[in-house]
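Below you'll find the structure, written out as structure tokens, and then a few comments.
If you want it as structure tokens, here you go:
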């Protein structure tokens, strides 16, 4: 597969259409519609990387954690993001592979999902000005109580209620970039940087640690495109 590299960015709402409830059946239907479009691009000789948003899905995970907080210890946002990469990546991966089989192309192409970490700087100015609303809605009293207990930053949401806000730092590296390049060179359709990528910081020894932040999906897609000189 020596064609042009294209990065396809699917919004999180691509898996949940207006007026849908988000049932598994609805999600599969929407994913298959996306998969058919992706395979059409493959048939034209293009190499493809698929990235996707995860707003509705990570919102669901955080709602589940809130509902079960008295029974199950809560997870951090980086882990919630990784969960949604697996969730959406699995569905896209299976749907694309099945469409390839239907088109008689499965002998030429394979599909792989990367649980993908992106590096942000610990001194990024965004840490001093969190702006991205995440998680459930609270009353002012509830929000301020949680802020005191957990060290959160909370703000009134223009849509109503109070919510947690987290920073959106810039991306400076992609931890799995070499794996992505290798897969593309070997006729894989790659699903990567889901939700913008799992934000991590890198220490002086090169080790990584997950942080609670939201990565701009368009920015992550642009950085992903640069890995192979793609047309985003």
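Numbering (full-length UniProt numbering), first residue to last: 1 to 232. For every residue, glycine included, the Cβ atom is placed at its ideal position computed from N, Cα and C.
Run through DSSP, which three-state label would residue 232 get? Below a pLDDT of 50, predicted positions are generally treated as unreliable, and residue 232, at 45, falls in that range; the measurement from the model is reported next regardless. Coil, per DSSP.
Checklist entry - Given residue 113, which residues of its chain have a CB within under 6 Å of its CB, disregarding the five upstream and five downstream residues? => result Only 89, 93 and 191 meet the Cβ criterion.
**OP:** Keeping to the same chain, check which residues put their C-beta closer than 8 Å to that of residue 14; ignore five residues upstream and five downstream.
**Re:** Taken in chain order, the residues that qualify are 30, 34, 52 and 53.
Review point. Can you tell me the Cα-Cα spacing of residue 85 and residue 139, whole angstroms?
Key: If you take the alpha carbons of residue 85 and residue 139, they lie about 30 Å apart.
Per DSSP, residue 5 forms a beta bridge with which residues?
BP columns for residue 5 point to 47.
Residue 148 classed as buried or exposed, judged by whether at least 16 other C-beta atoms fall within 10 angstroms: With fewer than 16 other CB atoms across the displayed protein chains lying within 10 angstroms of its CB, residue 148 is exposed.
| Per DSSP, what kind of secondary structure is residue 227 in: helix, strand or coil? | Coil at residue 227, not helix or strand.
Thinking C-beta only, is residue 58 closer than 7 Å to residue 80?
Yes, the Cβ-Cβ distance between residue 80 and residue 58 is below 7 Å.
- Give the DSSP-derived three-state secondary structure of residue 202 in the structure shown. Strand.
Could you work out which residue in 186, 144, 128 and 121 is closest to residue 108 when comparing CA atoms only?
That would be 186, whose Cα lies nearest to the Cα of residue 108.
Exposed unless 16 or more other CB atoms sit within 10 angstroms - verdict on residue 67:
Burial call: exposed.
Worksheet entry | CB of residue 36 within 7 Å of CB of residue 184, strictly | Using a Cβ distance threshold of 7 Å, residue 36 and residue 184 do not count as a contacting pair.
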